[in-house]
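J.:
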Amino acid sequence: MIVSTILAFAYPEPQLQSASQSPPESGTPSPARKAILLVYYHLSDTIKELSEAEKYIITIPTRDTESTSAARLAKLKGVGLLEADYESEEGLRKAFAGQDACYFNISSFTVGEPYEYFLTFRAYEIAVQSKLKCHGTVKAQISDWLSHQPLDILPWTILYGGVYAQMLSSLLLPKKGLDGVYHFIAPIANGSIPFVDLDDYGVRTRYVFENPGECVGKSIGWGAWYTSYPELIRAFKTATGNEAVFHDLTQEEWFEK
C-alpha cells in the first residue's frame, strides 16, 4: 500500500510474472503478466507515469465515465474507466474486485476530513477481504495508523511528498489589489512550505510499485523545495515584474476565508 502524505501497498516482485504453462523456447524471454492496478488518485501526472511504464492494466473508478477529465485519462495507454462510487460499500467492493494492487487517495476537500478517514479505513478492510496483493491510500495522519498494520496481511509503503507547487496557480494564488500589488496570504508566519512538483509524485509512485523489495514496510520521502514567503515574493517579482506582499493570518482567519 502506498500512503502520502502518500500511502501505498506494493506487491512482491514474483506477482509481476505470470507462470508459464510450458517452458519457453531457448532464447525466448518468459511472458510477463501486466499487474492489474486500481488507482483512486486522479492526478493525471501520476496516472500518466504509471501508464508509460506499460506494466499495468490501470482501472480508474469514477462516478461519471463520460466526464471531460475521465475521458482524457481514458486515452492513456492501458487505462480503463469503471463506474463506481468510492463513498459507498458497493462501489468500493466493485472497484477492488479482481485487482492486484491499489493506490488510494481521495480528497478531503470533496468528502470532508472525518469521512475521508472513515473511507480510507474501510477501503483498507475491503482491500484485505478482496485479496489484494498491495494497497495504497493517503494523508500523514493516516500513515501512522497504517504503519501499525501487519505486512503479511497487506504489504504497505509510506511515501511522503509535500505541497504541490502547482497550487501556486490555484489555492495559493496571490490576489491582485486595486493598487496592482499582489497579496500572498497564509497562516505560516516565518515558516516555509515544502513544495514538490506533481511530476515527482508519478515518478516516486512508479518506483514504489516497481521496487517492492526496497520499499515494503518503509517510509520513503524525497527532497522538497522548502520556501519561505519572502523567498517566494522575490521569485514572483523576478518572474513577473509585479509588486507583491505577504500577509500572515491566524489559522482561524485562514479557515474563515
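In UniProt numbering, the protein residues as written are 1 to 257.
We put the CB at the ideal spot given by N, CA and C, even for glycine.
Computed from a predicted structure; not experimentally measured.
#1: Label W156 either buried or exposed according to how many other C-beta atoms from any shown protein chain fall within 10 Å of its C-beta, with 16 as the threshold for buried.
#2: With a CB to CB cut of under 6 Å and the five nearest residues on each side skipped, what residues in its chain are close to E253?
#3: At a cut-off of 7 Å, is L38 close to the ligand SAM when judged by its beta-carbon and the heavy atoms of the ligand?
#4: On the CB-based measure, 16 or more other CB atoms within 10 Å of its CB, does I142 come out buried or exposed?
#5: Look up V181 in the DSSP assignment and say whether it is helix, strand or coil.
#6: Can you grab the Cα-Cα spacing for the pair K75 / E87, in whole Å?
#7: Please classify K237 as buried or exposed, where buried requires at least 16 other C-beta atoms within 10 Å of its C-beta.
#8: Would you report the Cα separation of S228 and Q129, rounded to the nearest angstrom?
#9: Does the count of Cβ pairs from the segment 196–210 and the segment 50–63 closer than 8 Å reach three?
#10: Give me, in chain order, the residues of the same chain whose beta-carbon lies closer than 6 Å to that of L37; leave out the 5 immediate sequence neighbours on both sides.
#11: To which residues of the same chain is T46 closer than 7 Å at the C-beta, ignoring the five residues directly before and after it?
#12: Taking 8 Å as the CB-CB limit, is R93 close to chain D?
#13: Which same chain residues, not among the five before or five after G241, have their C-beta less than 8 Å away from its C-beta?
#14: Enumerate in chain order the residues of its own chain whose CB-to-CB distance from P23 is below 6 Å, with the five nearest sequence positions on each side excluded.
#15: So, helix, strand or coil for G78, using DSSP?
#16: Pull up the distance between the alpha-carbon of L172 and that of G223, whole angstroms please.
#17: Which residues in the same chain as K175 place their Cβ atom closer than 6 Å to its Cβ, once the five residues preceding and following it in sequence are excluded?
#18: In this structure, does DSSP put S219 in helix, strand or coil?
#19: For a test of the three-state rule: what should DSSP assign to Y201, helix, strand or coil?
#20: Tell me the rounded alpha-carbon separation between D179 and A165.
#21: In angstroms with no decimal places, state the Cα-to-Cα distance between F255 and P194.
#22: What separation, rounded to the nearest whole angstrom, lies between the Cα atoms of S169 and L198?
#23: Compute the distance between the beta-carbons of L146 and Q99, then report whether it is under 8 Å.
#24: By a C-beta neighbour count over all protein chains shown, 10 Å radius and 16 as the cutoff for buried, is residue 266 buried or exposed?
#25: When you compare only the Cα positions, how much space is there between H247 and A235?
#26: In angstroms with no decimal places, state the Cα-to-Cα distance between E214 and I220.
T.: So, from the listed chains and residues:
#1: That one is buried.
#2: No residues qualify anywhere along the chain.
#3: For the structure depicted, the ligand SAM is absent and the ligand set is empty, with no information on it obtainable.
#4: Around the beta-carbon of I142, 16 or more other beta-carbon atoms lie within 10 Å, marking it buried.
#5: coil
#6: 25 Å
#7: exposed
#8: 45 Å
#9: Contact holds between the segment 196–210 and the segment 50–63, because three or more Cβ pairs, one in each stretch, are under 8 Å apart.
#10: Y56, I58, A101
#11: Y201, G202, T205
#12: No chain D is part of this structure, which consists of one protein chain only.
#13: none
#14: Residue placement at P23 is poorly supported in this model, since its pLDDT is 32, which falls under 50; the coordinates are not used for a value here.
#15: coil
#16: 21 Å
#17: H183
#18: In the structure shown, S219 adopts extended strand secondary structure according to DSSP, grouped into three states.
#19: helix
#20: 27 Å
#21: In a straight line, the C-alpha of F255 is about 20 Å away from that of P194.
#22: 13 Å
#23: no
#24: The displayed coordinates of the chain run from 1 to 257. Any statement about residue 266 would go beyond what the structure contains.
#25: So the two alpha carbons sit approximately 17 Å from each other.
#26: Whole-angstrom Cα-Cα distance: 10 Å.
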